[in-house]
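These notes are about the structure you will find just below.
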């Protein structure tokens, strides 16, 4: 049970939309590489190595959806004030038009 609580702590602040993917990836890695989860800080190390990549892929998919939506419009929206939350921090994106 301890590693589940550690995992919940590591996942705090990540977008809700990727929580399922984070859990599935963690469980798959735990099953395929159990030796990497023998230490007390194993979940923390896993989180440091994987969360930002999974979160980055999520944000890229979201940006692509925005680009696709705008490309179908006669006059694309200017969304230069677009922001997103990453691990509890507010980030401002660059000027985004397509």
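Numbering (the numbering used here), first residue to last: 351 to 448.
Built from N, CA and C at the ideal position, the CB exists for glycine as well.
Keep in mind that this is a model prediction, so the values were computed, not measured.
Determine, using beta carbons only, whether residue 395 and residue 353 come nearer to each other than 8 angstroms.
-> no
Do you know how far the Cα of residue 404 is from the Cα of residue 416?
-> 19 angstroms
Can you tell me which of the three DSSP states residue 365 falls into?
-> coil
With 16 other Cβ atoms within 10 Å as the buried cut-off, status of residue 448 = In this prediction, residue 448 has a pLDDT of 43, which is less than 50 and means its spatial position is unreliable; nothing more can be read from the coordinates.
Roughly how many angstroms separate the alpha carbons of residue 397 and residue 412, rounded to a whole number?
-> 22 angstroms
Proximity below 8 angstroms, CB of residue 367 to CB of residue 361 | no
Taking the runs of the alpha helix (DSSP H) that are 4 residues or longer, which of them lie wholly in the stretch 357–421?
-> 369–382 and 392–421
Give every residue of the same chain whose Cβ lies closer than 6 angstroms to the Cβ of residue 439, excluding the five residues on either side of it in the sequence, and list them in chain order.
-> Reliability of the predicted coordinates at residue 439 is poor, the pLDDT of 48 falling under 50, and the value obtained from them is presented with this limitation in mind. So no residue of the chain qualifies.
If residue 400 and residue 375 are in contact, beta carbons under 8 angstroms, what's the gap, nearest whole angstrom?
-> 6 angstroms
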